[in-house]
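Heads up: the structure comes next, in structure tokens.
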Amino acid sequence: MDLFYEDKNKDFDIVIEMMTHVVREAISDIDKESKKSEEGR
Numbered sequence: 023m024d025l026f027y028e029d030k031n032k033d034f035d036i037v038i039e040m041m042t043h044v045v046r047e048a049i050s051d052i053d054k055e056s057k058k059s060e061e062g063r
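In this text, residue positions in the sequence shown follow the working numbering: the first is 23, and each later residue adds one.
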């Protein structure tokens, strides 16, 4: 039972890391876009 739980936690950590990475990428993309539109004005 404990082993299974630890494995689940590891998978969860990996998923969270991936999500965090994706969110960071998206935020930096949005940042670039907003900077572009500000320069375009």
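Glycine included, each C-beta is placed from N, C-alpha and C at the ideal position.
Give the straight-line distance between the Cα atoms of residue i and residue j, rounded to the nearest whole angstrom.
| i | j | result |
| --- | --- | --- |
| Asn31 | Glu47 | 24 Å |
| Met40 | Ser59 | 29 Å |
| Asp36 | Lys57 | First, the residue type needs correcting, since residue 36 is Ile and not Asp in the sequence shown. Answer to the nearest angstrom: the Cα atoms are 32 Å apart. |
| Thr42 | Glu61 | 29 Å |
| Ser50 | Phe34 | 24 Å |
| Glu55 | Val45 | 15 Å |
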